[in-house]
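Asks: This structure is in structure tokens; I'll ask about it shortly.
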């Protein structure tokens, strides 16, 4: 008899995405507007840290995020 095991790793770890408004536009889906130049995906934590006050238009297709923080 043969016994086999398969381990499947989690595809990705949740990230904390901090808005920095780095692009000329204000779309949340634009990667350059986030501190890591990567737009948030499902499971990520979202942070508007109060340091950058550039406008943000929320146009992401998912609403399944971790935490969503807006600092004063």
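Residue numbers (the numbering used here): 466 to 537. Glycine is no exception: its CB is placed at the ideal position from the N, C-alpha and C atoms. On a predicted model such as this, the values are computed, not experimentally measured, just so you know.
1) I think residue 497 touches residue 524, with their Cβ atoms under 8 Å apart; what is that distance to the nearest whole Å?
2) Where does residue 502 land, buried or exposed, given buried means 16+ other C-beta within 10 angstroms?
3) Answer with buried or exposed for residue 535, where buried requires no fewer than 16 other C-beta atoms within 10 angstroms of its C-beta.
4) Terminal residues of the continuous beta strand (DSSP E) containing residue 510?
5) Quick one: Cα of residue 475 to Cα of residue 512, how far?
6) Enumerate in chain order the residues of its own chain whose CB-to-CB distance from residue 533 is below 7 Å, with the five nearest sequence positions on each side excluded.
Replies: On the basis of the data shown:
1) Locating residue 497 in the chain shown gives position 32, where the first residue counts as 1. Locating residue 524 in the chain shown gives position 59, where the first residue counts as 1. Not a contact, Cβ separation roughly 14 Å.
2) Translated into positions along the chain shown, residue 502 becomes position 37. Classification of residue 502: exposed, given that the 10 Å Cβ count is below 16.
3) The count along the chain shown starts at 1 and reaches residue 535 at position 70. Counting Cβ neighbours within 10 Å, residue 535 comes out exposed, since fewer than 16 surround it.
4) Position 45 of the chain shown, counting from 1, holds the residue named residue 510. First-last of the beta strand (DSSP E) with residue 510: 510-513.
5) Position 10 of the chain shown, counting from 1, holds the residue named residue 475. Position 47 of the chain shown, counting from 1, holds the residue named residue 512. With a pLDDT of only 48 at residue 475, under 50, the local geometry of the prediction cannot be trusted, and no value is derived from it.
6) Start at 1 with the first residue of the chain shown, and residue 533 comes out as number 68. 511.
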